[in-house]
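What follows is a set of notes on a single structure, which appears directly below.
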Amino acid sequence: MSEERVAASVDILVDGQRVPLSSTATPEPLLVGLLREGLHPTGGGCLCMAGDCSHCLATVDGVSYVRTCQVLANPGMVVERNHFAGAHPPLIPEAEPPTVRELPAQHQWCDVAVIGQGTSGRAETARLRELGRHVVTLDAGAGQEVAGIYAGPTVVVRTQEATLTVHVREEIVVATGAAEIQPVALGTELSGLMTARACAAFHEAGLDLGSVVAVGEPPAGVEARSLKGRLRRCEGTSCVTAVVMLQDDGTEARHLCDTVSFGLGLHPRTALVRMGHDLPVRAIGDCALPSKIPLPPIEGTVCACSGVRVSDLDFVWNNGFHELELVKRATLAGTGTCQGSACLPHIRSFLEAKGKELQSPFTARPLTRQLTFQEVAAGAHHHATPRTPLHEEHLALGAHMQRSGGWWRPWDYGDVAAERIAVREAVSLGDVSTLGKFLIQGHDALEFLELVYPTKVATLADGRSRYALLLNERGYVLDDGLICREHAERFFLTLTSAGSTLGELWLRDWAESRKFDIAILNQTQSLAAINVTGPKAAELMVRAGARSLPSFATHGASKIAGVECRVLRLSFTGEISYELHHAAVDSVRLWRRLLELGGDLGARPHGLDALMRLRLEKGHIAVGQDTDFDSTPRRIAHEWAVKLDKAEFIGKFAVERTNRQPLDRELVGLEMELPAPLEGAPVWHDESYVGYVTSSTDSSVLGKAVLLAWVDLVGGQVPPVVTVGGRDSRRLAQRATLPFFDAAGERARAKVSVRTLRAQLDAKAGAEADVPSHARSDVESDAQSDAESEVVRMQRATDISGRFAGLEATRLAGAPEVLDEALSSLELPIEGFALRFAPDEVMVTTDVATVQTAVRAALSSAAFNTLMIERETGFAATWLEPSEALALLSQGCAWELPSERPAFAQGAAWEIPVKLWFEHHRVLFIVPAPYAADLDRRMFAGAPSASAGATQ
Amino acid sequence: MNEFVERLIGLHWAEPKPAYDVVIVGGGGHGLATAYYLATRHGINNVCVLERAYIGGGNSGRNTTVIRANYGIPEAVRFYQHSVDLYQGLEEETERSVMHRAKGLLWLAHSEMGVRAERARAEVNTAFGAKTEFVSAQEVKEICPQIDLSGGGEWPVMGGSHYRAGATARHDRVVWAYAEGAMRCGVHVHQRTAVTGLLKDGDRVIGVKTDKGPIAASLVLSAVGGQVTTLASMAGLRLPIRSHPLQAFVTNHYGLEFDPIVASADLLFYASQTARGEMLMGAEIDRQPSYSYRSGHPFIQSCALRAMTLLPFLRNLKILRQWTGVCDMSPDYSPIMGFTGVDGFAITTGWGTWGFKGIPAGGEQMALLIASGEVPELIAPFALDRFARDRTLADRGSAGTH
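Sequence order for the protein chains is U and W. Taking the working numbering, the leading residue of the first sequence gets 12, the next gets one more, and so forth. Taking the working numbering, the leading residue of the second sequence gets 28, the next gets one more, and so forth.
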């Protein structure tokens, strides 16, 4: 032992005891440190010093199943030998483990990854680099442990700093070499046993090995007595004291020793090659050699990980388990930490001897080197739940936010009853920004909608809207929503909050597959929507400056509280309702102003819970809640929404086919005494189950419970009386006609006279000339609002979320060639840019009016009319320095970034849709504003500071 | 001595015959259980089971071993509860240890909508004999103290449904117990025998072609997983099945401390601890249809994160091995069992992510169908022609993690 070693002695904690570790200037493997103190991590077993076996496992710093030969001993390490003699470590440690630093993910790209940097790996790396290939080298000896090869191909690696994913363009070269074959004999669970290479390594590390005997190839550089014959057994109590050899003449020879070195031959480490068998993976060097099959084992432990002995193999073989895969499952050999690395050659040899057939190795699956949950999850994120522009407003109003339909939505504001009363008796606001919102424009717009909707779109006049179902090819309800016609070549559609993602794919699929001349613009995030609903809704709208209001089932553009809105008159709640669709950036201002103006009318917001109860009183279905994936229009009593006399629509054939089958069940209204039963409660007729409740609420306006339920037909009709509830708690319910409330629809369709309302407002204003300005109506204050709007916009530009600010832009959609022409006509402002999201869609950082003027001047009016040019405030963005941007992206982005500048790229990063604009000296990160808060947190809060990587 | 080495089951292999009364294609749980019940319940033992690789090597050996009946529709609850009951008696009947253990299954809710769904599940399940209770968040903590009720601050547990009869069993041993029982009655099981075609007389199926030669049969039952649409097309049937990969993983072995089966429909994962001490995790099917058994990195990354969110003790546990099965998904998330309209050809398929649970009842009922020629009442709703007749069994509760 050198002077240097003694001087640098440090302590680690082993099984609660301080153990001094001698250490060289460079740290040594933990296993070597433990052996130096006479501590075998698991009590015994042949050590390989190469990560191929499970004999050196220990719990290190709270993590069990650590191969101590593969980690370096660091001062202060806490080691527990709870793998001793095959014991399992506790699932949940008694002491809270030290907080392990969250590992970041890292992504690298290369032409070739070379795994293993032994002789052949180094040579191949040099050769490939000479050929100009970009090579990433991965070597366990350098602390890069490969956990698996996956499709891509990608290689997942544990490094000291991160969980690294290497994305490979051409091929993976596996140069992992060969493992030494483990001895199988009685007594191999003793300590003092090691492979020849391990023996050489321990000797070199200065361990005192005592008297060494060598079975097979002797260890390099170690003084050892070479033994003849075949290994019979090892003897000793805990440490080996002798080894017994079976000699050629059949006699046994016993050799005293302190250490046994086993040079039994090499077995190529093919796990990664087998794992990547259908990927571009190439084995070289020892790894590509044919397996050496050892002599069939006679007795002793074959699989130390699972404690399987040769006698166990014999037992299951004799019981008919002959396939390697069955033997593995019947004994569990090969299913432990080393994943068969140690036992596979012996089992194959055993089976070959028994069955006279050498079977292929069993399947290799990730992970070849185990990772902790934390290491595996590095870089993973939960599905981000988007927030509407009013999210913070809801929180400020005390809303109880819930994930629903894929969004954060206000479930209630603390008093559902009051919210319901406000809608029925006064006026209330609801945030319906989550609705899917789509513009369809082009020559074939009408023809396209006639195909995808079962209603007759052609009969819809300009300026009118209609509720419509969307059916799939099986004739089942896919979604529902509104069709609003502006003119024959331009429509605005809404889809449900939960259904719009699938709905968009659905619409685009049909548009593309049938080659319709249309463009589709998804405005779901671009537009916020507020539903102003209640008997006093019109009054509030007039106060907010509405000069005219659309009548029922129509829509129009209007300035409300100074905000440009598309106003849709419709009703889900059963009261007068105006749905105000407006630029996302204006939503907070509009919401606040409406609440302010409606204060004395009793205006308050309502949440999703109130909304779902209110619509139920009206018998309106909620797709997804009341429908299932086999709901035909007939079953949900929506045949009126399906026009079978149309020539074609998606689902027509299926609807006709299912209509020929006798009707078996229907979604019907039921009413019963309070309290309302649970949603999902079974419905019974006599003793037979006939269906279940899909929606249920108490109704204070009706004084009873009202429900929607699936009910089977009995004797050809829905039974007029059923029971509802569990087997022991059933109560009577009657079939009811829908809607339960305001059957004539007088409330929802009530006629509104803007002139009368304005006259009343003017009279009131005259009488209360001194009311504070904030409560005054917005009728005369457009100019003021515009000014205010600018202020709000400026403020917002800094406060969307953390480092992300709102982006003011214009989105254009249309035929690719028309877009090309339009773009060439645009002069982008200094520092401006145009981002081509898709062949038929582009976003430019020029304001919408300028774009319109420029494009109108450049294009023929026919071409101009096919284009959609819309204000876009639904994105947030932040500029970053290239170095910071690339460092962050190497953690959060699993796809390869462009290298040219400028460049545009888009895809998921941090599990969020991100668009990236690379300029020479900066990078713009653009994100849909509903995800800005999550992206901000994921990008910046979780990022390690520059010094976090260091452990000192 | 390793207590997990199979000590009781003996498999007896026979030479193939040119003809059998019944040829069952697919040596997984369903095929072997059908053979077992044909032989033990109906005295029909001139039966062979053909397996292209080794028995139990498909989804029977790739599932997460959960046995439950808390489904969403009465037809399914009845069927699976019968299967749960048969599982309970399986060790006694076969005199073999399948390591069956009732653990209770917790299905957690993290939102108001989730609470409604779990309350509804409890109602319907209980009404049809699969007793299930809605439990509060505090009760969840009592049943499973390791759960972080705050869900990492992001996915708070608001309650859940608790199905006490939820159990697990060692999947391979179930397969082998049925195989051995069938073999003892004279059933032949032929491994490494791939079916390459069907023998037909006109439209009627009269046997199978295999890579080892033709085998005639009065009836061919497809109990194939994964490539079932290929086999059915040989009989002239177009099945409404899409096959999707389903992945799972286990940790290394740890002390036995985690008792229940825990599932979360919002976080899309489920977890239990095996008798050997591995934490066993599964999640939702892959969206992209495929027959690939390749394991994926995004899956394990995401599932590890989701599981850790509710079970923070997992963070330092080592993940040992991941694998993939292929699930045959029907349009209504319910299995397809019965005659097919093609003479001489019956089918049991559409086992999605619920095949292991259905092995005993599926095998028993298919055997009854074959022996009697009549469709048993318990599986009548699951007939293939339900799709043409618009009598699908929409079962939102079936999968749970879709």
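The C-beta atom is built at its ideal place from N, Cα and C for all residues, glycine as well. A quick note: this is a predicted structure, and the numbers were derived from the prediction, not measured.
Nearest candidate by alpha-carbon position, reference residue i, set the options
{"i": "alanine 1014/U", "options": "Leu58/U, Ala549/U, Leu175/U and Pro750/U", "result": "The requested residue 1014/U does not occur in the structure, where chain U is confined to residues 12 to 963."}
{"i": "leucine 471/U", "options": "Ala564/U, Ile632/U and Gly73/U", "result": "Ala564/U"}
{"i": "glutamine 218/W", "options": "Leu891/U, Leu335/U and Leu50/U", "result": "Leu335/U"}
{"i": "aspartate 473/U", "options": "Ala568/U, Asp269/U, Glu404/U and Pro840/U", "result": "Ala568/U"}
{"i": "leucine 324/U", "options": "Val543/U, Gly510/U and Leu362/U", "result": "Leu362/U"}
{"i": "aspartate 945/U", "options": "Val925/U, His932/U and His931/U", "result": "Val925/U"}
{"i": "valine 125/U", "options": "Ser237/U, Arg414/U, Ser75/U and Pro291/U", "result": "Pro291/U"}
{"i": "aspartate 528/U", "options": "Ser537/U, Glu458/U and Leu482/U", "result": "Glu458/U"}
Residues near residue i by beta carbon distance below 6 Å, same chain, minus five either side
{"i": "serine 13/U", "result": "A caution first: serine 13/U carries a pLDDT of 42, below 50, which makes its placement in the model too unreliable to give a value."}
{"i": "valine 255/U", "result": "Arg243, Arg244, Glu263 and Arg265"}
{"i": "glycine 545/U", "result": "Val434, Ala437, Val438, Ser439 and Glu586"}
{"i": "cysteine 354/W", "result": "His271, Leu273, Ile312, Gly379 and Thr380"}
Proximal chain B residues relative to residue i, where beta-carbon distance stays under 7 Å
{"i": "valine 443/U", "result": "Checking the listed chains, one finds no chain B in this structure; the protein chains it contains are U and W."}
Cutoff 7 Å: residue i Cβ touching any chain W Cβ
{"i": "tryptophan 120/U", "result": "no"}
{"i": "arginine 138/U", "result": "no"}
{"i": "glutamine 381/U", "result": "yes"}
{"i": "serine 415/U", "result": "yes"}
{"i": "tyrosine 464/U", "result": "no"}
{"i": "tyrosine 161/U", "result": "yes"}
{"i": "threonine 669/U", "result": "yes"}
{"i": "phenylalanine 361/U", "result": "no"}
{"i": "histidine 66/U", "result": "no"}
{"i": "phenylalanine 640/U", "result": "yes"}
{"i": "glutamate 728/U", "result": "The sequence given here has glutamine at residue 728/U, not glutamate. Taking Cβ atoms only, chain W never reaches closer than 7 Å to glutamine 728/U, which makes this a no."}
Cβ neighbours of residue i in the same chain (closer than 8 Å, five flanking residues each side left out)
{"i": "glycine 368/W", "result": "Leu264, Leu411 and Asp412"}
{"i": "leucine 396/W", "result": "Met364, Gly365, Phe366, Ala373, Val402, Pro403 and Ile406"}
{"i": "proline 644/U", "result": "Pro465, Leu480, Leu482, Gly486, Val488, Glu650, Ala652, Val653 and Val666"}
C-beta neighbour in chain U for residue i, strict 7 Å
{"i": "arginine 143/W", "result": "yes"}
{"i": "arginine 321/W", "result": "yes"}
{"i": "proline 287/W", "result": "no"}
{"i": "glutamine 315/W", "result": "no"}
{"i": "threonine 220/W", "result": "no"}
{"i": "serine 329/W", "result": "yes"}
{"i": "isoleucine 346/W", "result": "yes"}
{"i": "proline 403/W", "result": "no"}
Contact set for residue i: own chain, Cβ-Cβ below 7 Å, skip 5 residues either direction
{"i": "arginine 814/U", "result": "Thr889, Asp947 and Phe951"}
{"i": "serine 361/W", "result": "Ala103, Gly377, Phe409, Leu420, Asp422 and Ser425"}
{"i": "leucine 900/U", "result": "Leu908 and Ala920"}
{"i": "alanine 914/U", "result": "Phe929"}
Residue i Cβ short of 6 Å to the ligand FMN heavy atom set
{"i": "glycine 187/W", "result": "By its list of ligands, the structure shown contains no ligand whatsoever, and the ligand FMN lies outside what it can speak to."}
The segment 36-48 of chain W / the segment 202-214 of chain W touching (three or more Cβ pairs under 8 Å): Flag = yes, the segment 36-48 of chain W and the segment 202-214 of chain W touch.
Cβ contact (3+ pairs, closer than 8 Å) linking the segment 610-626 of chain U and the segment 445-455 of chain U: Between the segment 610-626 of chain U and the segment 445-455 of chain U, the count of C-beta pairs closer than 8 Å stays below three; the two stretches do not touch.
Any 3 or more C-beta pairs closer than 8 Å across the segment 110-120 of chain W and the segment 373-389 of chain W: Cβ pair count under 8 Å is three or more, so yes.
Inter-stretch contact (C-beta, 8 Å, three-pair minimum) for the segment 157-169 of chain U and the segment 191-208 of chain U: With a cut-off of 8 Å, the segment 191-208 of chain U and the segment 157-169 of chain U do not count as touching, because too few Cβ pairs lie within range.
Contained beta strand (DSSP E) runs [length at least 3] in the segment 32-108 of chain U, N- to C-terminal order: Along the segment 32-108 of chain U, the beta strand (DSSP E) occurs as fully enclosed runs of 3 or more residues at 68-71, 74-78 and 89-91, listed in sequence order.
Inter-stretch contact (C-beta, 8 Å, three-pair minimum) for the segment 305-321 of chain U and the segment 338-349 of chain U: Touching, per the Cβ criterion.
Three or more C-beta pairs below 8 Å linking the segment 626-638 of chain U and the segment 709-721 of chain U: The segment 626-638 of chain U is in contact with the segment 709-721 of chain U.
Stretch-stretch touch, CB-based, cutoff 8 Å, three pairs: the segment 46-54 of chain U with the segment 80-95 of chain U: Cβ pair count under 8 Å is three or more, so yes.
Touch test, the segment 184-191 of chain W against the segment 152-165 of chain W, Cβ-Cβ under 8 Å, three pairs minimum: Flag = yes, the segment 184-191 of chain W and the segment 152-165 of chain W touch.
Any 3 or more C-beta pairs closer than 8 Å across the segment 44-61 of chain W and the segment 247-258 of chain W: Put simply, the segment 44-61 of chain W touches the segment 247-258 of chain W. At least three CB pairs are less than 8 Å apart.
Entirely enclosed beta strand (DSSP E) segments - the segment 418-491 of chain U, minimum 3 residues: At a cut-off of 3 residues, the continuous stretches assigned as beta strand (DSSP E) that sit fully inside the segment 418-491 of chain U are 418-423, 439-442, 447-452 and 476-482.
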